[in-house]
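When you read off a place in the sequence shown, starting at 1, and then add 8, the result is the number in the working numbering. Working notes for the structure below.
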Amino acid sequence: LGIAVADTLFFVSIVRIGPQTAVLLSTACPVFTVVLACVFLDERPSPLAWTGMALAIVGIGWVLGARASRRGPTTSSLTGIVAGLGSALCGAVGIIISKTALASVPPLEAAMVRLAAGGLGLLVWGAIGLRFMGWLAPLRKPRVFGLLSLAVINGVCVGFSLSMVALARSDASTATVLN
């Protein structure tokens with residue numbers, strides 16, 4: 009959920025509304041995480057943290073509202089916004105599930121399980137849509153394969169593992185905001 013679905017929705021959002029707005033919407037993930045952590049993990053953010061979240065929500069709404077008024081609403085932009093917010097929510101749910109699992113599983117094992125589950129989810133998604141071979145086509149180019157491999161090792165494996173360590177050693181709210 010947190011990887012396969014969230015990342016897929018994030019890429020849909022990028023295609024529909026552009027990377028700038030998609031990344032802006034992804035900043036809702038920490039807000040969703042804090043709310044879910046309060047409900048399911050009994051975390052209690054300080055008043056300053058709540059103020060920061062309120063400012064984030066107002067800021068997201070302000071920027072999106074300004075952008076929508078310049079372009080006018082379209083089905084594509086609405087789909088992109090819903091996908092972006094869905095991505096943030098799925099990411100937050102994945103973080104809460106991970107935080108719960110980290111009570112009994114070491115962080116690096118949890119990271120590998122999450123990555124494997126995400127990969128399996130994408131594999132199933134690709135197989136259902138008969139898109140898997142199309143996804144692999146760009147990897148036939150050595151430069152693309154090399155750059156992607158470097159990005160996966162650095163960004164996904166190392167970065168994701170470190171985020172699981174942070175999640176295991178702090179509140180979900182703090183770890184997500186700092187991620």
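Positions of the beta carbon are idealized from the N, C-alpha and C atoms, including for glycine.
Asked                                                                                                                                                                                : Found
Flag this pair as touching only if the region 125-144 and the region 56-70 have three or more C-beta atom pairs under 8 Å; answer yes or no.                                         : no
Going by other Cβ atoms of all chains shown within 10 Å of its Cβ, with 16 needed for buried, is A145 buried or exposed?                                                             : exposed
Would a C-beta distance cut-off of 8 Å place S195 and L56 closer than the cut-off?                                                                                                   : Given a span of 9 to 187 for the chain in the structure shown, any question on residue 195 remains unanswerable.
Write down the C-beta distance between G163 and C98 rounded to the nearest angstrom, noting that I regard them as a contact closer than 8 Å.                                         : About 19 Å; that fails the 8 Å criterion.
Less than 8 Å between the C-beta atoms of A45 and A180, yes or no?                                                                                                                   : yes
With DSSP collapsed to three states, give me the class of R139.                                                                                                                      : coil
Which runs of the alpha helix (DSSP H) at least 4 residues long sit entirely within the region 59-123? Give them in chain order.                                                     : 83-109
Could you please give the first and the last residue of the uninterrupted alpha helix (DSSP H) stretch that includes V173?                                                           : G167 to R177
Decide yes or no for the touch test of the region 107-117 against the region 13-29: beta carbon pairs closer than 8 Å, at least 3 of them.                                           : no
State the DSSP-derived secondary structure class of G26, mapped to helix, strand or coil.                                                                                            : coil
Output needed for T41: all residues of its chain with C-beta closer than 6 Å, excluding positions within five of it in sequence on either side, in chain order.                      : A100, I103, A180 and T184
Is DSSP giving R148 helix, strand or coil here?                                                                                                                                      : helix
CA-CA distance, I68 and V23?                                                                                                                                                         : 19 Å
Would DSSP call D15 helix, strand or coil?                                                                                                                                           : helix
Give every residue of the same chain whose Cβ lies closer than 8 Å to the Cβ of L17, excluding the five residues on either side of it in the sequence, and list them in chain order. : A91, G92, G94, S95 and C98
Who are the near neighbours of R122 in its chain, counting only those whose CB is closer than 8 Å to its CB and skipping five residues on each side?                                 : G10, I11, G102, S106, F168 and M172
For the putative contact between T35 and A64, defined by C-beta atoms under 8 Å, what is the C-beta separation to the nearest angstrom?                                              : 6 Å
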